[in-house]
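So the protein lines, in turn, are chains P and Y.
Counting from 594, one number per residue, gives the positions in the first sequence under my numbering.
Counting from 422, one number per residue, gives the positions in the second sequence under my numbering.
Backbone N, C-alpha and C fix where the C-beta goes; we use that ideal spot for every residue, glycine too.
Following: one structure in structure tokens, then a few remarks.
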Amino acid sequence: MSTMTFGRAINAGMRRAMENDPKVILMGEDIGKLGGVFRITEGLQKDFGEHRVLDTPLAESAIMGTAVGMAYRGYRPVVEIQFDGFIYPAFDQIVCQVAKLHYRTQGAVKMPITIRVPFGGGIGSPEHHSESPEAYFTHTSGLRVVSVSNPQDAYTMIQQAIACDDPVLYFEPKRRYHVKGEVDESIELAASSMEDAHVVAEGDEVTLVTYGPLVPTARDAAIAASDEGISVEVIDLRSLAPIDFATIEASVRKTGRLVITHEAAQSGGLGAEIAASITERCFNYLEHAPVRVTGFDIPYPYSKLEFHHLPDLDRILDGVDRVMGRTNSLSGIER
Amino acid sequence: MIRWRVGALNEGCVIVPLNDTASAGENSLIQLLTPSGVRQSSGDYDRWVADVDGPALQALYEDMVVVRRIDAEATALQRQGELALWPPLLGQEAAQIGSGRALREDDFVFSSYRENAVAYCRGVDFTDILRVWRGNASSGWDPFSINMATPQVIIGAQTLHATGYAMGIQNDGADSVAVTYFGDGATSQGDVNEAMVFAASYQAPVIFFCQNNHWAISEPVGLQAHVPIANRAPGFGIPSVRVDGNDVLACLAVTREALDRARTGGGPSFIEAVTYRMGPHTTADDPTKYRDANELEDWAAKDPIARLSVLLDSLGLLTPDFLAAVNTKANDVAARLRAGCIEMPEPAPMDVFKHVYSTPNSWLDRQQENYGRYLASFDSEPVGSESQKSSGTATEGSL
Ligand SMILES: Cc1ncc(C[n+]2csc(CCOP(=O)(O)OP(=O)(O)O)c2C)c(N)n1
Ligand SMILES: [Mg+2]
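Take a look at the structure:
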């Protein structure tokens with residue numbers, strides 16, 4: 594066991610993957626000498642060389658397209674997208690090529706590409722630096738999508754993503770990069786699956802589902818709720834595509850109430866998918882309609898207003914009050 | 422002097438020798454004012470600045486001193502926590518003032534985030550250039566008020582916008598010009614290359630003004646290009662020049678030439694202004710991690726303001742009175758910038774819902790109404806953490 598920051602844990606996981614498999618290469622902007630703008634790849638070019646850690650020209654579509662070519666050639670590219678908002682030039686390559694090649698070639702060509710994306714808000718950045726674009730990718734068949742919430746998962750799941758023969762979008766909550774936690778580096782990758790959701794706090798009245806940056810916030814909300822006598826179970830999804838509905842369902846059968854929270858906009862988001870799927874699976878167990886506590890349907894706002902957009906403890910508790918039928922901000926109106 | 426003219430102009434295409442790499446020195450540059458401040462001729466470019474007399478030279482000097490001061494003040498405001506982030510233009514004053522002062526009011530600029538000196542030339546309100554960096558607004562000004570789009574953060578995207586705008590100018594039969602600014606790193610983006618394809622195809626009146634400041638965050642220009650960036654444009658059928666970007670006169674001359682070409686139906690032009698980013702990429706960056714201090718020294722010796730002051734001095738124009746007047750102006754602008762920053766009104770919470778659509782939207786209306794009720798619920802209940810809601814000035818960020 595050692596204590597490390599979230600960012601360091603990703604770095605250590607990539608290092609281990611590179612040591613274990615010479616076909617693992619890293620590609621991205623400023624990831625070499627600088628170690629990335631968040632320093633997640635710090636020291637890796639120095640230790641593995643410029644042929645394994647490639648500072649690429651400034652062109653995301655080209656990074657992704659050449660990663661596809663590298664994968665054809667038997668490599669396992671790990672691509673860093675500098676910020677969430679800069680993934681869109683690569684969108685065409687991801688959706689039309691990375692996601693579909695295995696299907697198109699009837700399994701002949703594998704795309705073991707990992708796409709690392711620092712995502713989410715809360716760091717006071719300008720436009721394009723705080724987005725949560727995960728739903729574009731969960732909506733795209735052929736991609737696996739995960740989001741990590743703590744250093745141990747960051748360490749383990751980056752290796753599982755790299756080892757996976759399918760393409761994996763790996764969303765890193767950038768505002769938690771500096772959070773420290775215990776990491777067991779001797780962990781067996783096969784001992785866990787990156788597709789499993791984890792119950793991170795147990796409770797029996799409300800199921801609170803989230804992922805990535807809001808997991809710590811949701812845990813805090815559960816503690817605050819327990820002070821008011823409400824028992825909240827918190828589920829960290831970890832995998833966003835596919836979603837481990839069995840774990841959520843088991844929880845909701847127990848609690849009868851579901852709240853989903855994410856930073857991404859509400860409409861067409863993951864919360865909608867979870868609410869619909871759980872309603873289909875265990876409608877008869879629900880005491881109240883599922884409630885979503887999410888970012889608004891707006892472009893990510895300028896930083897002075899970002900904490901209005903981002904779900905926080907109070908907004909989550911308001912959602913908990915709603916499913917509990919307690920006084921809440923929408924009391925008295927039919928919403 | 423190296424100059425390329427191809428396509429419609431039907432002249433031979435001069436290609437810079439291959440050993441002249443993307444970061445190569447001055448020998449292939451258009452230069453009218455040497456780093457040591459000596460006025461020299463460079464081909465037929467003198468005629469483009471024949472009207473630049475003593476007072477005009479003094480005005481260019483004043484501009485460069487003032488924008489450097491704006492830049493320094495903004496950097497200081499960031500260090501003091503008043504701005505979340507700032508992208509300095511230190512070292513690039515000549516490229517931006519020389520080109521910016523060549524433009525007509527009805528020309529239209531599409532820039533990146535670093536062209537605050539161009540915005541100054543367009544007559545921007547000083548406070549407006551800070552709004553975004555303080556986190557108080559999604560953009561600083563109305564693009565149509567100064568004929569300059571607000572800064573583009575998606576690298577290279579603005580080059581397409583400029584090209585489309587130029588296609589519009591062309592359709593209208595007008596003689597104004599669209600000018601787009603971007604960096605050396607941006608030239609790797611598909612958007613920039615596609616913009617050149619369109620500009621050449623339609624012979625659109627657009628100028629591609631690339632400031633090669635040698636760095637794209639931590640990546641040296643040699644990673645983006647193995648030959649001078651200006652060499653690429655002729656391949657698209659666009660004439661290009663490579664100019665000393667620290668020479669304000671030469672930048673003025675080449676921009677005027679390109680503007681004239683565009684206004685008279687000669688189509689697009691590409692200008693590579695070879696300059697240097699003397700500061701960090703942004704205030705969030707630490708260049709000591711990736712670049713050699715010697716490089717800075719070399720470029721300090723080519724400073725755009727210092728060389729013009731030598732010229733002015735040799736002409737007897739660098740008088741104490743003049744210097745005092747410039748200093749007063751710079752101080753005044755800096756004070757207004759600071760005051761404008763600190764006194765900027767805070768946005769209201771419900772402003773997050775503004776301007777997403779130009780017409781009412783039922784999804785958003787509902788969310789706005791709900792959030793209004795949510796905020797109001799804190800008035801009646803003692804619980805809640807309103808304090809957490811006002812974030813104050815953010816402290817982190819990057820571009
Ligand atoms: C599409 C996109 N990818 C990545 C970035 C992150 N980024 C911001 S500035 C920059 C470097 C730009 O270099 P250059 O074009 O030379 O302009 P300079 O900053 O030197 O003025 C990068 C990679 C971005 N803003 N947009
Ligand atoms: Mg640059």
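Around the beta carbon of GLY715 (chain P), a 10 Å sphere encloses 16 or more other beta carbons of the protein chains shown; the residue is thus reported as buried. Scanning its chain for C-beta atoms nearer than 6 Å, with the 5 sequence neighbours on each side dropped, one finds around PRO708 (chain Y) the residues PRO701, in chain order. In terms of beta-carbon proximity, ARG794 (chain Y) lines the interface with chain P, with at least one pair separated by less than 8 Å. The beta carbon of GLY717 (chain P) sits closer than 8 Å to some beta carbon of chain Y. Not one beta carbon of chain P lies nearer than 8 Å to the beta carbon of ALA570 (chain Y). Proximity of GLU640 (chain Y) to chain P, defined by a Cβ-Cβ separation below 8 Å, is satisfied. Taken through DSSP and simplified to helix, strand or coil, ALA834 (chain P) comes out as strand.
For the region 762-797 of chain Y, not one full-length beta strand (DSSP E) segment reaches 3 residues or more. DSSP, read as helix, strand or coil, puts TRP636 (chain Y) in strand. Using beta-carbon distances, PHE889 (chain P) counts as an interface residue toward chain Y, with a partner under 8 Å.
In its chain, beyond the 5 residues on either side, SER533, GLN579 have a beta carbon closer than 6 Å to the beta carbon of GLN573 (chain Y). Neighbours of TYR697 (chain Y) in chain P, taken as residues at a C-beta separation under 8 Å, are lacking, since the least C-beta distance is about 18 Å.
Counting only the Cα atoms, ALA655 (chain P) lies some 24 Å from GLN752 (chain P). Residue pairing for HIS855 (chain P): DSSP places it in a beta bridge opposite P:THR887.
Apart from sequence neighbours up to five positions away, the residues of its chain that approach SER860 (chain P) with a beta-carbon distance below 8 Å are ASP890, ordered along the chain.
Interface with chain P (8 Å Cβ-Cβ cutoff): ASN537 (chain Y) is excluded.
The beta carbon of HIS791 (chain P) sits no closer than 8 Å to any beta carbon of chain Y. Between ligand 1 and the CB of TRP507 (chain Y), the shortest heavy atom gap is not smaller than 7 Å. Using a 10 angstroms sphere on the CB of MET771 (chain Y), the tally of other CB atoms stays under 16, which defines it as exposed. Per DSSP, reduced to three states, the secondary structure at PRO744 (chain P) is helical. Listed along chain Y is no residue with a C-beta nearer than 9 Å to that of PRO766 (chain P); the closest approach is about 14 Å.
Among the residues facing chain P, VAL473 (chain Y) is not included, as its CB has no counterpart in that chain under 8 Å away. In terms of side-chain proximity, the C-beta atom of ASP772 (chain Y) is found no nearer than 7 Å to any non-hydrogen atom of ligand 2. In the three-state DSSP reduction, VAL671 (chain P) falls in the strand class (E or B).
Here ILE926 (chain P) is exposed. Its C-beta has fewer than 16 other C-beta atoms within 10 Å. Between LEU801 (chain P) and GLU826 (chain P), the gap from beta carbon to beta carbon is short of 8 Å. From the listed residues Y:ASP742, Y:ALA714, Y:ILE576, Y:ALA683, the smallest Cα separation to ARG525 (chain Y) is found for Y:ALA683. For the region 624-649 of chain P, the set of positions with a beta-carbon nearer than 7 Å to some beta-carbon of chain Y reads LYS626, LEU627, VAL630, ASP648 in chain order.
From the beta-carbon of ASP911 (chain P), the residues of chain Y found nearer than 8 Å are TYR795, SER798. Using a Cβ-Cβ cut-off of 8 Å, TYR602 (chain Y) does not count as an interface residue toward chain P, since no Cβ of chain P sits closer than that to its own.
When secondary structure is reduced to three states using DSSP, LEU736 (chain Y) falls in the coil class, being assigned neither helix nor strand. Residue environment: GLN501 (chain Y) is assigned as exposed (fewer than 16 neighbouring CB atoms within 10 Å of its CB, all protein chains considered). A Cβ-Cβ contact shorter than 8 Å links ILE638 (chain Y) with ASP623 (chain P).
Looking at the DSSP output, PRO711 (chain P) bridges to P:GLU765. Distances from the CA of THR685 (chain Y) to each of Y:GLY761, Y:SER597, Y:LEU736, Y:ASN633 were compared; the closest alpha carbon is that of Y:SER597.
Note that the C-beta distance between TYR665 (chain P) and VAL553 (chain Y) is not below 8 Å.
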